[in-house]
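Okay, so here's the structure we're looking at.
There are 2 protein chains.
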Amino acid sequence: MTEKRQYKQRLYTLFAAVSQALANPHRLELIDLLAQAPRTVEDLAREADMSLANTSQHLQRLKQARLVETQRDGTFIIYRLANPTVSDLWLALRSVAGQQLAEVEQALDAYRTRRHEFKQITVQELQERLQTGEVILIDVRPATEYRNGHLPGALSMPLSEIQQMMAALPDDRMVVAYCRGPYCVMADQALEILAENGRKVARLEEGVVEWQQAGYPVSYH
Amino acid sequence: MTEKRQYKQRLYTLFAAVSQALANPHRLELIDLLAQAPRTVEDLAREADMSLANTSQHLQRLKQARLVETQRDGTFIIYRLANPTVSDLWLALRSVAGQQLAEVEQALDAYRTRRHEFKQITVQELQERLQTGEVILIDVRPATEYRNGHLPGALSMPLSEIQQMMAALPDDRMVVAYCRGPYCVMADQALEILAENGRKVARLEEGVVEWQQAGYPVSYH
DNA sequence: TAAATATTCAATAGATTAGTTGAATTATAT
DNA sequence: ATATAATTCAACTAATCTATTGAATATTTA
Chain A
1 MTEKRQYKQR LYTLFAAVSQ ALANPHRLEL IDLLAQAPRT VEDLAREADM
51 SLANTSQHLQ RLKQARLVET QRDGTFIIYR LANPTVSDLW LALRSVAGQQ
101 LAEVEQALDA YRTRRHEFKQ ITVQELQERL QTGEVILIDV RPATEYRNGH
151 LPGALSMPLS EIQQMMAALP DDRMVVAYCR GPYCVMADQA LEILAENGRK
201 VARLEEGVVE WQQAGYPVSY H
Chain B
222 MTEKRQYKQR LYTLFAAVSQ ALANPHRLEL IDLLAQAPRT VEDLAREADM
272 SLANTSQHLQ RLKQARLVET QRDGTFIIYR LANPTVSDLW LALRSVAGQQ
322 LAEVEQALDA YRTRRHEFKQ ITVQELQERL QTGEVILIDV RPATEYRNGH
372 LPGALSMPLS EIQQMMAALP DDRMVVAYCR GPYCVMADQA LEILAENGRK
422 VARLEEGVVE WQQAGYPVSY H
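Top to bottom, those sequences are chains A and B. Take 1 as the starting number for the first sequence in our numbering and just add one per residue. Take 222 as the starting number for the second sequence in our numbering and just add one per residue.
Pasting the structure below:
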């Protein structure tokens, strides 16, 4: 019977190893980025503000834990999440932390300083108003992420190019912006610019991953 | 802008702290037990085969991470999961590990040695056959866990008492047993005893937590 | 074939952190 | 007051973890 205990312990140790792989802020940021789209090491290092070698090391740990996998493309190596359930795990982790730790709300307020300034729109509301043509929906993430999947009906309008592209938007409709999800500041920044230019704006807190997990379909073109 | 980076880092650090709290086999076993029912420290220590002091220490860490909470009952302190989403997180973690790590299957085969000997029954199949009265469903977990919630129509028949209680079962129907889920060996042990006594048996891999997460209702009486 | 590029590897420093145990302590109930 | 349940403390051991560097590898391009 003491063997049984060992085997049970081995199982829990395996589960703990996965949790261990996620138990680092840098690695979580990498997972978060990869949940939006597959990327090269360089790209990840730049987005996460880490050295290349360090990024590579952390990616190795994630790979060992089978949370990410690689695929070569020319001289680049492209990392991707190994499985959609990894996204689910990341969302579950975020959700528990968000619900249980008041510090998350505080940190979020410090990060997204204008979070409470903009009107929020729910998924249901958005869908109704998109149908009737009352609102226009923009995806302000980098174009690569848009190409990897976006909300149906969304226009790609990366934050970096919004000043130029803004003019192309019809000015009789409210603009709803979304980005990588509730812990992403890009949509707020886009709305700030749009609002300064006299647009009626609102933010959708959900990103593509949250949208998808809720069971809604995603567009690719 | 470098402040922004700090705040983002702080957020990921908070998420990582939750993962860190789960990144230990003993603590995962405690979470697993608490997912079945609230318990005292003593009870947890006994079930998990750990010293009392050690159990207490690990529980403190889980409490700090807000994954569990306490409630006093006389001289006892009762621990429970702080939130149903903690169960979801635990299931998501288990699911990722199960899908990505071949070692989990191997360890499971070593732990549940007779796992492949018994017929498995799916949730759908079970529901159909319960309706028609073709099968009888037993919950072989300790009675406390049964009382905390069980599958509708299940009889409480703890593994420890199955020898005595077995006789009460009608002998014209197949007996389906379940316990704490796919990583629990109790149902297998019950089926072994029942099969030796000439019963037709089958195992339901799902436990109450998996059942509940799938959206099915749970009974309490 | 050689050069250029992207990524990984190996080795290291340095700090921090984690897990366990037994004894002492606190809190509650009788 | 005494017994019971749980927590905390002190102490020890061990281990892990991150970030950094420069060298090495693998693939493509010239």
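Note that the Cβ used here is the ideal one computed from N, Cα and C, for glycine as well.
Worksheet entry | Test: ASP88 (chain A) CB closer than 8 Å to a CB of chain B | yes
Worksheet entry | the segment 202–217 of chain A in contact with the segment 52–72 of chain A per 3-pair CB rule at 8 Å | no
Worksheet item: Where DSSP assigns a beta bridge to LYS137 (chain A), which residues make up the other side?
Response: For the sequence presented, residue 137 (chain A) should be read as Leu rather than Lys. A:VAL176.
Practice prompt. Please check the pair ASN245 (chain B) and ALA16 (chain A), which I expect to be a contact at CB under 8 Å, by giving their CB distance rounded to whole angstroms.
Written response: 5 Å
Worksheet item: When you compare only the Cα positions, how much space is there between THR75 (chain A) and THR40 (chain A)?
Response: 10 Å
Fill in: Partner residues on chain B for ASN24 (chain A), Cβ-Cβ distance less than 7 Å
ALA237
Discussion item. DSSP three-state label for VAL289 (chain B), please.
Written reply: strand
Worksheet item: Straight-line CA distance for GLU47 (chain A) to HIS58 (chain A)?
Response: 14 Å
Discussion item. Closest to ARG335 (chain B) by C-alpha separation, out of B:LEU251, B:ILE414, B:ILE252 and B:GLN230, would be which residue?
Written reply: B:ILE414
Worksheet item: In chain order, what residues of the same chain lie with their CB nearer than 8 Å to the CB of VAL123 (chain A), ignoring the 5 residues before and after it?
Response: LEU204, GLU206, TRP211, ALA214 and TYR216
Worksheet item: Who pairs with GLN120 (chain A) in a beta bridge, going by DSSP?
Response: A:ARG203
Practice prompt. Tell me whether THR365 (chain B) sits in a helix, a strand or coil according to DSSP, three-state version.
Written response: helix
Item to complete: Identify whether TYR79 (chain A) lies in helix, strand or coil by the three-state DSSP scheme.
Response: strand
Practice prompt. Given a cut-off of 8 Å, decide if LEU288 (chain B) and ALA107 (chain A) are closer than it, judged by their beta-carbon atoms.
Written response: no
Discussion item. Quick check: VAL396 (chain B) and LEU390 (chain B), are their CB atoms within less than 8 Å of each other?
Written reply: yes
Worksheet item: Does any C-beta atom of chain B lie closer than 8 Å to the C-beta of GLU29 (chain A)?
Response: yes
Discussion item. Using only CA atoms, which one of B:GLU326, B:ILE359 and B:ARG293 lies nearest to PRO403 (chain B)?
Written reply: B:GLU326
Worksheet item: Do GLN410 (chain B) and LEU372 (chain B) have their C-beta atoms closer together than 8 Å?
Response: no
Item to complete: Could you have a look at THR353 (chain B) and say whether DSSP puts it in helix, strand or coil?
Response: coil
Discussion item. With a threshold of 8 Å between beta-carbons, can LYS284 (chain B) be considered close to chain A, or not?
Written reply: no
Fill in: Length of the line joining the Cα atoms of GLY374 (chain B) and LYS340 (chain B)
20 Å
Fill in: Alpha-carbon to alpha-carbon, VAL439 (chain B) and ASP309 (chain B)
16 Å
Practice prompt. Check each candidate in B:ARG293, B:LYS225, B:LEU235 and B:CYS400 and name the one with the smallest Cα separation from VAL96 (chain A).
Written response: B:LEU235
Worksheet item: chain B partners of ASP171 (chain A), CB-CB under 8 Å?
Response: Going along chain B, no residue has its Cβ under 8 Å from ASP171 (chain A), so there is no contact; the nearest lies around 30 Å.
Item to complete: Identify the continuous alpha helix (DSSP H) that holds PRO158 (chain A) and give its terminal residues.
Response: Run containing PRO158 (chain A): none; DSSP gives neither H nor E here.
Worksheet item: Is ARG5 (chain A) close to chain B, meaning its C-beta is less than 8 Å from at least one C-beta of that chain?
Response: yes
Worksheet item: Is the Cβ-Cβ distance between VAL140 (chain A) and MET165 (chain A) less than 8 Å?
Response: no
Worksheet entry | Beta bridge counterpart(s) of HIS221 (chain A) as assigned by DSSP | In DSSP, HIS221 (chain A) forms no bridge with anything.
Worksheet item: Exposed or buried, which one is GLU338 (chain B) when buried takes at least 16 other CB atoms within 10 Å?
Response: exposed
Fill in: Classification of LYS4 (chain A) by the beta-carbon crowding that lies within 10 angstroms, buried from 16 upward
exposed
Discussion item. Using 8 Å as the threshold, is the C-beta distance between LYS8 (chain A) and TYR367 (chain B) below it?
Written reply: no
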